[in-house]
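Heads up: the first sequence is residues 1 to 505, going by full-length UniProt numbering.
Written out below as structure tokens is the structure these notes cover.
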Amino acid sequence: MSEPAATDDAASTASSPPPPPPPAQHKSWADEADDDAAATDESTTATKEPSTSSPSLNVDELTIDENKTPLKLLDDPEDSNIQAVTSGDTPYTSAATFEDLNLSAELLKGLYVEMKFQKPSKIQAISLPMILNPPHRDLIAQAHNGSGKTTCFVLGMLSRVDPSMQAPQALCICPTRELAIQNTEVLRKMGKYTGISSECAVPTDSRDSLPIQKRAPIMAQVVIGTPGTIKKWISYKKLAVTRLKILVFDEADQMLAEDGFKDDSLRIMKEIEKFNSSCQVLLFSATFNETVKNFVERTVKRDHNKLFVKKEELSLDAVKQYKVRCPDELSKIEVIKDYIFELGENVGQTIIFVRTRQSAKMLHKSLVDMGYEVTSIQGALDHEARDKIVKEFRDGLTQVLISTDVLARGFDQQQVNLVINYDLPIKHTAEYTREFEPDYEVYLHRVGRAGRFGRKGAVFNLICDERDERLMSKIENHFGTRVSEVREKSVEDYKAALKEAGLLQ
DNA sequence: AAAAAAC
Numbered sequence: 001m002s003e004p005a006a007t008d009d010a011a012s013t014a015s016s017p018p019p020p021p022p023p024a025q026h027k028s029w030a031d032e033a034d035d036d037a038a039a040t041d042e043s044t045t046a047t048k049e050p051s052t053s054s055p056s057l058n059v060d061e062l063t064i065d066e067n068k069t070p071l072k073l074l075d076d077p078e079d080s081n082i083q084a085v086t087s088g089d090t091p092y093t094s095a096a097t098f099e100d101l102n103l104s105a106e107l108l109k110g111l112y113v114e115m116k117f118q119k120p121s122k123i124q125a126i127s128l129p130m131i132l133n134p135p136h137r138d139l140i141a142q143a144h145n146g147s148g149k150t151t152c153f154v155l156g157m158l159s160r161v162d163p164s165m166q167a168p169q170a171l172c173i174c175p176t177r178e179l180a181i182q183n184t185e186v187l188r189k190m191g192k193y194t195g196i197s198s199e200c201a202v203p204t205d206s207r208d209s210l211p212i213q214k215r216a217p218i219m220a221q222v223v224i225g226t227p228g229t230i231k232k233w234i235s236y237k238k239l240a241v242t243r244l245k246i247l248v249f250d251e252a253d254q255m256l257a258e259d260g261f262k263d264d265s266l267r268i269m270k271e272i273e274k275f276n277s278s279c280q281v282l283l284f285s286a287t288f289n290e291t292v293k294n295f296v297e298r299t300v301k302r303d304h305n306k307l308f309v310k311k312e313e314l315s316l317d318a319v320k321q322y323k324v325r326c327p328d329e330l331s332k333i334e335v336i337k338d339y340i341f342e343l344g345e346n347v348g349q350t351i352i353f354v355r356t357r358q359s360a361k362m363l364h365k366s367l368v369d370m371g372y373e374v375t376s377i378q379g380a381l382d383h384e385a386r387d388k389i390v391k392e393f394r395d396g397l398t399q400v401l402i403s404t405d406v407l408a409r410g411f412d413q414q415q416v417n418l419v420i421n422y423d424l425p426i427k428h429t430a431e432y433t434r435e436f437e438p439d440y441e442v443y444l445h446r447v448g449r450a451g452r453f454g455r456k457g458a459v460f461n462l463i464c465d466e467r468d469e470r471l472m473s474k475i476e477n478h479f480g481t482r483v484s485e486v487r488e489k490s491v492e493d494y495k496a497a498l499k500e501a502g503l504l505q
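Structure below.
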């Protein structure tokens, strides 16, 4: 069951000569920015430039592969809603237990004692053999919110690191500060007994940290951070990429989206590839829309593996979705305080999502003025304030957190049972069209803040005009779900909703 | 007409 795991890593630590010293980097990385940006554009149009391995060809081959190869679905018929396409003839066996994965005793202890895990979740059972076993192919993996994606790549990073080599061997890039910190904490917890060192690459307060030029090079074996800081560390040669074995993009669809972090991500990837073409790349997210899916498949190596879920099956049944029709903006606040807060007091923590920083501030002030204890977070706050607000929420000192989409993705707080969409998420792309498009991916991610790991949860969408109605029904159609209405002033409706969601007796 | 992220 677990034969293949021993060869590659073990051999390289035991018998191969020590790795060569990092080659001298003559040019500052920042100097190349312009060339790189130009090359990047070309590769996206898939016309020329063999800087990576001819992208246009890859697409064709992948398409053929997908159609011809019967899905090598693993041994569990229940997994049929996850579509797995594996590359080549490598057989993978789904891991029924963590023991099946040939993990070190220290890592197993971390999983059982620190994380209190018993056995791999579905996505873990399928993806971990692909991540851990040679030939360590790249992987694009989609899985439901709260299904344990983080464990997949954190375990991947921890088990691929050679504990005896003090150099960065695993790098994980995340879209927000909060997610980078959270992932670092998970890694430290899971890896507690392994002795593997880690560093969180996010901006620090300039007052209590050395300027980058004076800092020592990073020796940590795993680095997790946000694009800007990682780019900076690489360009100042504080983060060496030559020993990296594994590169992870969390929320990969956002990290590679045109209006996301695509340029940064591609630049980092190219820099790593330049010194180190064998580095394994993992792309994880709950969402990959067709556009970005198409693009990311050209971003990774040709012989990658992939796991996808149908969009209809992404909306968790565990989280019940409702809509409340409010006559105007002001009545949204009434609905929140007079009904949702009133009834939702003992159902756990709540996140209220808003579209803009301004409305986060406004709503925060309104609710505080009315005597409610709420906090709010958005990207314009300084780092200290952001960290403090998240910590208070995690410690349970605050029950209600107002947030922009800074926390829409990945934020894992198991006590969150209620999500309120004060505004529905909108795509900003169609600049000159009059019709608004919902941001389906952000909607799904927001909903996913409740019902972590199969827990109960409810979402209330506050809608107040024709535009909202259309957005809401588009969302329903897209995911093939029905969002039932809770009448604005009906206590009974709210009660029934919370009962149906399993949050109220 | 947005949010995120480096100075």
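For every residue, glycine included, the Cβ atom is placed at its ideal position computed from N, Cα and C.
Predicted, not measured: the structure shown is a model, and the values here were computed from it.
Please name the residue in G348, F308, E466 whose C-alpha comes closest to that of R394. G348
Opposing strand residues paired with C152 [DSSP bridges]: In the DSSP output, where bridge partners are listed per residue, C152 has none listed.
For E251, count the other beta carbons within 10 Å of its own beta carbon; 16 or more makes it buried, fewer makes it exposed. Which is it? buried
Can you tell me whether DSSP reads V486 as helix, strand or coil? strand
Where the beta strand (DSSP E) through P199 begins and ends: The question names Pro, but residue 199 in the sequence shown is Glu. Note, E199: beta strand (DSSP E), 198-201.
Short check: CB of V281 to CB of C172, under 8 Å? no
Could you work out which residue in L107, I123, T90 is closest to A96 when comparing CA atoms only? I123
Buried or exposed by the 16-neighbour rule on C-beta atoms within 10 Å, applied to P211: exposed
Whole beta strand (DSSP E) elements within the region 405-445, 3-residue minimum: 416-421
Based on the DSSP output, what are the partners of D250 in its beta bridges? F284
I234 vs T184 beta-carbon contact at 8 Å: no
Going by other Cβ atoms of all chains shown within 10 Å of its Cβ, with 16 needed for buried, is F453 buried or exposed? exposed
Out of M362, L330, M370, L407, which one is the CA nearest neighbour of T350? L407
If we call anything under 8 Å between Cβ atoms a contact, is E485 one with K323? yes
With contact counted as at least three CB pairs below 8 Å, one residue from each stretch, are the region 110-126 and the region 144-154 in contact? yes
How close, in whole Å, do the beta carbons of A180 and V161 come, if the pair is a contact with beta carbons under 8 Å? Between V161 and A180 the Cβ distance is about 18 Å, and since that is not below 8 Å, they are no contact.
Spell out the partners DSSP gives R325 in its beta bridges. I463
Who pairs with K320 in a beta bridge, going by DSSP? A458
Rounded Cβ spacing between A501 and G448 (contact assumed at less than 8 Å): Their Cβ separation, rounded to whole angstroms, is 15 Å, which puts A501 and G448 out of contact at 8 Å.
Should T404 go down as buried or exposed, given a rule of 16 or more other Cβ atoms within 10 Å for buried? buried
According to DSSP, what are the bridge partners of V354? None, per the DSSP bridge assignment.
Would you grab the beta carbon distance between residue 518 and E329 for me? Rounded to a whole angstrom, and I think it's under 8 Å. Only positions 1 to 505 of the chain appear in this structure, which leaves residue 518 out of reach.
Rounded to a whole number of angstroms, what is the C-alpha to C-alpha distance between T13 and Q358? Only weak support is given to the placement of T13: the predicted model assigns it a pLDDT of 33, under 50, and the value that follows is read from those uncertain coordinates. C-alpha separation (whole angstroms): 53 Å.
To the nearest angstrom, how far is it from the Cα of T226 to the Cα of P175? 6 Å
K136 to K301, Cα distance in whole Å? In the sequence as displayed, the identity of residue 136 is His instead of Lys. Using only the alpha carbons, I get a separation of about 11 Å.
Beta-carbon proximity check, P438 vs L471, cutoff 8 Å: yes
For N305, report the span of its beta strand (DSSP E) as first-last. 305-309
In the structure shown, what three-state DSSP assignment does G348 receive? coil
Quick check: I246 and A143, are their CB atoms within less than 8 Å of each other? no
Cross-strand partners of S104 (DSSP beta bridge): The partner list for S104 (beta bridge, DSSP) is empty, contrary to what the question assumes.
Might you give, ordered along the chain, the residues of its own chain that have their beta carbon closer than 6 Å to the beta carbon of K306, omitting 5 neighbours on each side? V85, I140
R446 burial status per 10 Å Cβ neighbour count (16 or more: buried): buried
Spell out the partners DSSP gives A141 in its beta bridges. F284, L307
Assigned exposure category for L397 - 16 Cβ within 10 Å defines buried: exposed
Would L239 pass as a contact of C279 if the rule is Cβ separation under 8 Å? no
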